[in-house]
Amino acid sequence: MKRQVIRQRLKNPERYAPLLAIRNGREYDAAVAQLNDLVDEIGDNPRDPRYRFIETLSVLVEAYDEKYHKIPDASGVELLKFLMEQHGLSQRDLPEVGSQGVVSEILRGKRELNVRQIEALSQRFHLSAGAFLREFEPGRKAI
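Under the numbering used here, think of the first position of the sequence shown as 16, with each following residue one higher.
Encoded structure:
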């Protein structure tokens with residue numbers, strides 16, 4: 016392709032914004048919102064032509080997460096405690112997890128986080144659901 020054609024096509028990079036590197040929190044939030052909308056719309060259907068877009072956005076979001084949202088090597092409960100402390104949250108402030116009693120049981124290790132709770136927490140804190148599943152990784156020692 017000739018240089019002039021390439022320059023013309025790339026003159027307005029905002030047209031490609033969803034496919035460009037994520038440089039700041041605003042772009043990250045926009046990419047995550049767009050990714051969530053696509054996943055809600057087409058789910059896990061690799062036959063849909065937009066599925067490749069989901070894969071691309073996932074790679075970009077994951078790269079940004081790796082650089083700016085380092086996930087501590089901790090169990091789901093330890094991560095939840097850390098996030099509560101960092102955000103100044105009490106057990107009452109987590110209705111997506113359950114009642115204050117349910118949250119208390121989870122924090123004391125009497126109850127495990129379930130899939131619904133993990134999905135809600137990952138959305139709330141903009142983290143991968145896998146961050147809350149670390150205690151289930153093969154070879155990981157319980158703390």
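The beta-carbon is built from N, C-alpha and C at its ideal position, and this holds for glycine as well.
Would you mind reading off the limits of the alpha helix (DSSP H) that contains residue i?
i, result
"D44", "G40 to I57"
Rounded to the nearest angstrom, how far is the Cβ of residue i from that of residue j, given a contact under 8 Å?
i, j, result
"A46", "V76", "5 Å"
"L122", "F147", "About 13 Å; that fails the 8 Å criterion."
"L50", "L35", "14 Å between Cβ atoms; not a contact."
"I57", "Y43", "Wrong, their Cβ atoms sit about 22 Å apart, outside the cutoff."
Going along the chain, which unbroken runs of the alpha helix (DSSP H) with 4 or more residues stay wholly within the region 67 to 134? 91 to 101 and 115 to 122
The region 123 to 143 / the region 83 to 102 touching (three or more Cβ pairs under 8 Å): yes
Determine, using beta-carbon pairs with one atom in the region 120 to 132 and one in the region 103 to 112, whether at least three such pairs fall under 8 Å. yes
Can you find at least 3 beta carbon pairs, one from the region 100 to 109 and one from the region 72 to 92, that sit closer than 8 Å? no
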